[in-house]
Amino acid sequence: MSEADQFGESFDFPPFEGQPKVYLIASSQRTGSHYLCHLFFSTGRLGSPFEYFHRRNFKTFRKRFATKRPEPTMRKLMEMRTSPNGWFGIKAHWGQFSNREDLGFESSLVPVDRYVYLKRRDQVLQAISRSIAVQTQQWMSHYEKAGEPVYTFADIDEHLRSVRAGYEKWERYFAANGIEPLTMYYEDLCTDPVGEVQRALAFFGEPTDVEELKSFTQRQATDLNHAWKQRYLDDLEKAGRELV
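For the sequence shown, position 53 matches number 52 in numbering that gives the first Met the number 0, and the numbering has no gaps at all.
#1: By a C-beta neighbour count over all protein chains shown, 10 Å radius and 16 as the cutoff for buried, is G31 buried or exposed?
#2: Inspect the CB distances between the region 121 to 138 and the region 86 to 102 and report whether three or more fall short of 8 Å.
#3: Between S130 and D154, how many whole angstroms is the CB-CB distance? I'm expecting something under 8 Å.
#4: So for K332, helix, strand or coil by DSSP?
#5: For D112, report the span of its beta strand (DSSP E) as first-last.
#6: Looking at R113 and Y51, is the spacing between their C-beta atoms short of 7 Å?
#7: Taking D11 and M79 to be in contact with their CB atoms under 8 Å, please state how far apart those CB atoms are, rounded to whole angstroms.
#8: Go to H225, then tell me how far its alpha helix (DSSP H) extends in each direction, as first and last residue.
#9: Within the same chain, show all residues whose beta-carbon is closer than 6 Å to that of Q28, passing over the 5 residues directly before and after it, in chain order.
#10: List, from N- to C-terminal side, the beta strand (DSSP E) runs of 3 residues or more that fit wholly inside the region 63 to 134.
#11: So, helix, strand or coil for V243, using DSSP?
#12: Please give me, in chain order, every unbroken run of the beta strand (DSSP E) with length at least 3 that falls completely inside the region 136 to 221.
#13: Work out the CA separation of L38 and M0 for me, nearest whole Å.
#14: Quickly, what does DSSP pair F49 with across the bridge? List them, please.
#15: What residue from K118, S47 and L181 has the CA that sits closest to G204's CA?
#16: Hey, how far is the Cα of V243 from the Cα of K168?
#17: Does the beta-carbon distance from F6 to T59 come in below 7 Å?
#18: Could you give the distance in angstroms between the alpha-carbon of L117 and the alpha-carbon of K62?
#19: With the cut-off set at 7 Å, would you say Q134 and P148 are in Cβ contact?
#20: Over the uninterrupted alpha helix (DSSP H) stretch that includes S41, give me the two end residues.
#21: If you draw a straight line from the C-alpha of L108 to the C-alpha of P69, how long is it?
#22: By Cβ distance below 7 Å, which residues in the same chain neighbour L76 in space, the five residues on each side in sequence not counted?
#23: Do you know whose CA, among A174, W93, E16 and I24, lies nearest L163's CA?
#24: What are the boundary residues of the beta strand (DSSP E) that S26 is part of?
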């Protein structure tokens with residue numbers, strides 16, 4: 000089993016007893032959320048965050064733990080994926096979070112104590128990254144590429160609308176519930192991962208004395224992403240539109 004396999008024992012901690020403190024990484028596709036999860040895990044202090052509200056992922060954990068219902072599966076996850084200091088993390092895109100009760104997750108089972116809101120400043124590059132990932136099915140660097148991507152203005156335009164809609168939904172939820180998340184940006188994670196993780200540890204009230212972090216994923220962006228961005232902006236101008 001690969002050590003990058005987040006369904007396996009490589010991402011477990013010693014069994015934790017009791018109710019952990021739960022945090023949620025509020026994310027969207029192509030914000031570096033999986034990378035952030037690995038960085039958090041490597042601290043040994045922020046649990047083993049993963050997309051536990053993802054329907055297919057949850058089925059895999061049910062098979063691993065030989066459980067049939069959501070509640071015992073999640074309790075087993077909290078037992079095995081909580082760090083010794085009591086933190087258990089969940090990463091979720093908006094659709095996974097808003098539909099979590101459809102999988103049988105009652106709020107009382109996983110009461111979220113704190114939120115980390117992960118964004119990208121450059122939403123055009125985020126949309127382009129999504130377009131490429133959808134076409135190639137290479138969602139992480141260690142995935143095998145299914146084909147070569149093809150630039151399409153309409154496709155990137157649609158992904159950009161989807162990116163913005165996701166941010167809007169998260170921000171409405173935070174505002175409606177009086178939540179003040181720790182906001183983190185993909186760009187800052189790329190330039191200063193240690194500093195950003197130290198900032199997160201302070202937010203969680205944990206010691207910040209970490210210097211080396213490990214991730215099993217690598218940044219996937221290439222010159223192609225930036226070439227597509229310029230092409231998209233040129234096409235936007237030809238269409239008589241402005242980037243807002």
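All C-beta atoms, glycine included, are put in the ideal place defined by N, C-alpha and C.
Predicted, not measured: the structure shown is a model, and the values here were computed from it.
The relevant details are as follows:
#1: In the sequence shown, the residue the question calls residue 31 occupies position 32. Classification of G31: buried, given that the 10 Å Cβ count is 16 or more.
#2: They do not touch, by the three-pair rule.
#3: For the purposes of this step, residue 130 is taken as the residue at position 131 of the sequence shown. For the purposes of this step, residue 154 is taken as the residue at position 155 of the sequence shown. The pair is a contact, with the Cβ atoms about 5 Å apart (cut-off 8 Å).
#4: The chain is shown from 0 up to 243; residue 332 falls before or after that span and cannot be answered.
#5: Numbered from its first residue, the sequence shown carries residue 112 at position 113. Where D112 is concerned, the enclosing beta strand (DSSP E) starts and stops at V111 to K118.
#6: Stepping through the sequence shown from its first residue, residue 51 is reached at position 52. Stepping through the sequence shown from its first residue, residue 113 is reached at position 114. Taking 7 Å as the Cβ cut-off, Y51 and R113 do not qualify as a contacting pair.
#7: Translated into positions along the sequence shown, residue 11 becomes position 12. Translated into positions along the sequence shown, residue 79 becomes position 80. Right, the Cβ-Cβ distance comes to about 5 Å (below 8 Å), so this counts as a contact.
#8: Reading the sequence shown from its first residue, position 226 is the one you call residue 225. Under the DSSP assignment, H225 falls in the alpha helix (DSSP H) whose first and last residues are D222 to K237.
#9: Position 29 of the sequence shown, counted from the start, is the residue given in the question as residue 28. Non-local beta-carbon contacts of Q28 in its own chain, meaning distances under 6 Å to residues more than five positions away in sequence, involve R129 in chain order.
#10: Runs of the beta strand (DSSP E) spanning 3 or more residues and lying entirely within the region 63 to 134 occur at 86 to 92 and 111 to 118, in chain order.
#11: Start at 1 with the first residue of the sequence shown, and residue 243 comes out as number 244. Reduced to three states, the DSSP call for V243 is coil.
#12: Correct list: 181 to 184.
#13: Position 1 of the sequence shown holds residue 0. Position 39 of the sequence shown holds residue 38. For M0, the predicted model reports a pLDDT of 40, less than 50, meaning its position is unreliable; a value from the coordinates is still stated below. Looking at the two C-alpha atoms, the distance is approximately 20 Å.
#14: On the sequence shown, residue 49 is found 50 positions in, with the first residue counted as 1. According to DSSP, which records beta bridges pairwise, F49 is partnered with I89.
#15: In the sequence shown, the residue the question calls residue 204 occupies position 205. Answer by Cα proximity: L181.
#16: Walking along the sequence shown from the start, residue 243 turns up at place 244. Walking along the sequence shown from the start, residue 168 turns up at place 169. Distance between V243 and K168, taken at the CA atoms: about 18 Å.
#17: Residue 6 sits at position 7 when you count from the first residue of the sequence shown. Residue 59 sits at position 60 when you count from the first residue of the sequence shown. Their beta carbons are under 7 Å apart, which means F6 touches T59 by this criterion.
#18: Stepping through the sequence shown from its first residue, residue 117 is reached at position 118. Stepping through the sequence shown from its first residue, residue 62 is reached at position 63. Looking at the backbone, the Cα of L117 and that of K62 are separated by about 30 Å.
#19: Working through the sequence shown from its first residue, we reach residue 134 at position 135. Working through the sequence shown from its first residue, we reach residue 148 at position 149. Yes, Cβ-Cβ distance for Q134 and P148 is below 7 Å.
#20: Here residue 41 corresponds to residue number 42 of the sequence shown, with the count starting at 1. For S41, the uninterrupted alpha helix (DSSP H) segment begins and ends at S32 to S41.
#21: Here residue 108 refers to the residue found at position 109 when the sequence shown is read from its first residue. Here residue 69 refers to the residue found at position 70 when the sequence shown is read from its first residue. Spanning the two alpha carbons is a distance of roughly 10 Å.
#22: Counting from one through the sequence shown, the residue named residue 76 turns up at place 77. Correct list, in chain order: Y51 and F60.
#23: Taking the first residue of the sequence shown as 1, we reach residue 163 at position 164. The residue asked about is misnamed: residue 163 is Arg in this sequence, not Leu. Of the candidates A174, W93, E16 and I24, the one whose C-alpha sits nearest the C-alpha of R163 is W93.
#24: As a first step, residue 26 must be located in the sequence shown, where it is residue number 27. Run containing S26: K20 to S26, per the beta strand (DSSP E) assignment.
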